[in-house]
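What follows is one structure encoded as structure tokens, with my remarks underneath.
Chains as they are written, first to last, in my numbering: chain A, 4 to 168; chain B, 363 to 783.
In structure tokens, the structure reads:
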């Protein structure tokens, strides 16, 4: 295959993966979603534009696999008041770009996320750019090492956010 | 919507262990609260560590009013209102930074970090005028306790020390958890907005009755001892510190258990550097006592909640609109401790935090609840029959009792019935 068609195949595989990731969240298949993350995978939503450091300052989300698992167990708990009634959301993924990888065996990608959430009679829209660091897995699939969501209003005032973007 | 029945002032709406629902939702009551509480008494604004260097500034607030906290070249911290004395423009548009002066973008009037007018463009237009009185208005009174900076829009009134009373000691207790005796606010803030009245938040921060029910989903998934602290068999207390300040005092439980750092869900073996520094700073005996007791859980009326490992700064914007500005407390000289403080903060508070998600849901449901017509009153009588005075003469009760709520409303009533300034 030519280099061009290799790149096109990689872009198609990444797009299919990102669409599936969004759908798993839409369908509230949180455990399946978590399984997309590598053991050292991190889900990060910074609290301000250009935040470089997730450890020395607070973020909106900074979940490693342990925190993610606790969050999901809580989402399944019958008395998670913030999810009674459960929210419904649609995530639209667009503007997908596969970048030159910074390291071997890693796929760097970018996308744009628009999530519309409906809960308790109110609709909320979240919009942001997502940076992905993926590692190739079996059968042309990927695992997520980093999903970073930079909300357009990261440092704004937010109502509660219970499910991941 | 039902208006507050107003025949003889707001005091009529607070009677012993009952509070009228309109006090949470009537916009006229909120407007009166701004004048009699938020723009009158001492309000927590920020921490000196947020402006560590000369020229530093950060945007803060007192209720709906923005306030710029600055540090001048002499090291003094100022609270300034963001309004040019010329034609009213905002002089500062950035959230934080470092500057030699604020220049109004409208006509380039320039102000020092203490608010003095230092230069104005095309000076010949003001020939013969005394310009020295034109300045950025300061918040009339500024005072701090252990780095916690408070401001009051009233030119006269009780001193900060008088206002804090026994609550000052809870801030001292917090600072004692640092081997250098200081806390720092350096981890950045999350802003969590709720469609609810600020008083639902102020009351809930010291409500030991709710965790077992509101937070059961966390106690169910995380291996946490917190639930037992707020159980019916707990020896923990709640206390009315006066002037609306209230606390949950978990020390009796922590002392009974007797494990250093047990309050923080960890042990000395896991934070050896912190323990060594504490021992050096205070001696082993006192350090051990501090590490068993833990940090305070105190609501400094009306807007500073010290929640053991975080602070919440409550900002009232409207009768049904409140922002919680939240950050991790950082203990000076305790890097290994601080890492955990930040981690635990991110998991528990902020818009996506496990704890606050459910609290905030309750705030908003309560707000919708009090919009119903009946019953008109809320009942805060829990534990009234067993309320007693502690050795210092302060009202205390079982951790699940409503001693703090009664204390908050007693003080609220005094403030709202006070004569205008």
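Glycine included, every Cβ here is placed at the ideal spot set by N, Cα and C.
Listed by chain order, chain A residues near residue i by CB distance under 8 Å
i	result
residue 381 of chain B	Here the premise fails: no neighbours, minimum Cβ distance about 23 Å.
residue 690 of chain B	61
residue 580 of chain B	77
residue 685 of chain B	160
residue 704 of chain B	58, 59, 60, 61
Where residue i meets chain B, residues with beta-carbon distance less than 7 Å
i	result
residue 65 of chain A	708
residue 50 of chain A	550, 552
residue 80 of chain A	579, 582, 583
Supposed contact pair residue j and residue i - C-beta distance, whole angstroms, cut 8 Å
i	j	result
residue 442 of chain B	residue 496 of chain B	Not a contact, Cβ separation roughly 14 Å.
residue 406 of chain B	residue 473 of chain B	Residue 406 of chain B to residue 473 of chain B, Cβ: 25 Å. No contact.
residue 52 of chain A	residue 158 of chain A	7 Å
residue 28 of chain A	residue 155 of chain A	Contact flag wrong, Cβ pair sits at about 19 Å.
residue 672 of chain B	residue 707 of chain B	5 Å
residue 439 of chain B	residue 410 of chain B	6 Å
residue 398 of chain B	residue 681 of chain B	That pair is no contact at about 15 Å.
residue 732 of chain B	residue 387 of chain B	6 Å
residue 653 of chain B	residue 634 of chain B	Not confirmed; about 12 Å, so no contact.
residue 615 of chain B	residue 596 of chain B	6 Å
residue 152 of chain A	residue 116 of chain A	6 Å
residue 532 of chain B	residue 668 of chain B	7 Å
residue 50 of chain A	residue 552 of chain B	6 Å
Under 8 Å by beta carbon: chain B residues contacting residue i
i	result
residue 85 of chain A	719, 720, 722, 723
residue 165 of chain A	714, 719
Identified DSSP bridge partners for residue i
i	result
residue 500 of chain B	B/442
residue 706 of chain B	None, per the DSSP bridge assignment.
residue 455 of chain B	Answer is none; residue 455 of chain B lacks a bridge partner.
residue 126 of chain A	A/121
residue 460 of chain B	B/418
residue 532 of chain B	DSSP lists no partner for residue 532 of chain B.
residue 604 of chain B	B/607
residue 693 of chain B	B/545
residue 465 of chain B	B/472
residue 47 of chain A	A/65, A/151
residue 432 of chain B	B/419, B/440
residue 139 of chain A	A/145
residue 508 of chain B	Answer is none; residue 508 of chain B lacks a bridge partner.
residue 377 of chain B	B/380
residue 515 of chain B	According to DSSP, which records beta bridges pairwise, residue 515 of chain B is partnered with nothing at all.
residue 675 of chain B	B/666, B/687
residue 112 of chain A	A/101, A/135
residue 408 of chain B	B/511
residue 680 of chain B	B/683
residue 552 of chain B	B/688
Within chain A, partners of residue i - CB distance below 7 Å
i	result
residue 576 of chain B	84
Interface residues of chain B facing residue i [CB-CB closer than 9 Å]
i	result
residue 73 of chain A	580, 583, 584, 709, 716
The segment 652-663 of chain B contacting the segment 601-609 of chain B, beta-carbon criterion three pairs below 8 Å:
Because the criterion of three Cβ pairs below 8 Å is met, the segment 652-663 of chain B and the segment 601-609 of chain B touch.
Below 8 Å, how does it come out for the segment 575-593 of chain B and the segment 716-726 of chain B: are there three or more Cβ pairs, yes or no?
Look at the beta carbons and you see the segment 575-593 of chain B touching the segment 716-726 of chain B: at least three pairs across the two are nearer than 8 Å.
Going along the segment 713-741 of chain B in order, which residues come within less than 7 Å of chain A, judged by CB to CB distance?
Per Cβ criterion, the list reads 713, 714, 716, 719, 720, 722, 723, 724.
Check each residue of the segment 467-499 of chain B: if its Cβ is closer than 9 Å to any Cβ of chain A, include it; give the result in chain order.
Those residues of the segment 467-499 of chain B that come within reach of chain A (Cβ to Cβ, closer than 9 Å) do not exist; the list is empty.
Return the residues of the segment 548-559 of chain B that lie within a Cβ-Cβ distance of less than 9 Å from chain A, sorted by chain order.
Answer in chain order: 548, 549, 550, 551, 552, 553, 554, 555, 556, 557.
Contacting positions in the segment 579-607 of chain B - beta carbon closer than 7 Å to chain A
For the segment 579-607 of chain B, the beta-carbon criterion of a distance under 7 Å to any beta-carbon of chain A is satisfied by 579, 580, 582, 583, 584.
Count the CB pairs spanning the segment 67-77 of chain A and the segment 106-118 of chain A that are closer than 8 Å, and state whether there are at least three.
Not touching, per the Cβ criterion.
Validate contact between the segment 382-396 of chain B and the segment 687-699 of chain B using beta carbons, cut 8 Å, 3 pairs
No: fewer than three Cβ pairs fall under 8 Å.
How do the segment 508-527 of chain B and the segment 461-469 of chain B stand: do at least 3 beta-carbon pairs fall below 8 Å, yes or no?
At 8 Å Cβ cutoff, the stretches do not touch.
Assess contact between the segment 524-531 of chain B and the segment 558-568 of chain B, defined as three or more Cβ pairs (one per stretch) separated by less than 8 Å. Is contact present?
Contact fails: fewer than three Cβ-Cβ distances are below 8 Å.
Quick check: the segment 639-659 of chain B against the segment 610-626 of chain B, are there 3 or more CB pairs under 8 Å?
Short answer: they touch.
For the segment 103-132 of chain A, list every residue whose C-beta sits within 7 Å of some C-beta in chain B, in sequence order.
The segment 103-132 of chain A vs chain B, Cβ under 7 Å: nothing.
Using 8 Å as the Cβ pair cut-off and three pairs as the minimum, do the segment 743-754 of chain B and the segment 588-598 of chain B touch?
With contact defined as three or more Cβ pairs closer than 8 Å, the segment 743-754 of chain B and the segment 588-598 of chain B are not in contact.
The segment 691-698 of chain B contacting the segment 87-100 of chain A, beta-carbon criterion three pairs below 8 Å
The answer is no - the segment 87-100 of chain A does not touch the segment 691-698 of chain B, with fewer than three Cβ pairs under 8 Å.
With three or more C-beta pairs closer than 8 Å as the rule, is the segment 371-386 of chain B touching the segment 473-488 of chain B?
Inter-segment contact for the segment 473-488 of chain B and the segment 371-386 of chain B is absent: fewer than three beta-carbon pairs are separated by less than 8 Å.
Check whether the segment 411-420 of chain B and the segment 450-459 of chain B are in contact - that is, three or more C-beta pairs closer than 8 Å.
Using a Cβ-Cβ distance cut-off of 8 Å, the segment 411-420 of chain B and the segment 450-459 of chain B are in contact, since at least three pairs of beta carbons, one from each stretch, lie closer than that value.
Could you say if the segment 732-747 of chain B and the segment 700-715 of chain B meet the contact criterion of at least three C-beta pairs nearer than 8 Å?
By the Cβ test, the segment 732-747 of chain B is not in contact with the segment 700-715 of chain B, since fewer than three Cβ pairs between them sit closer than 8 Å.
Would you be able to state if there are at least three C-beta pairs under 8 Å between the segment 141-150 of chain A and the segment 116-131 of chain A?
Flag = no, the segment 116-131 of chain A and the segment 141-150 of chain A do not touch.
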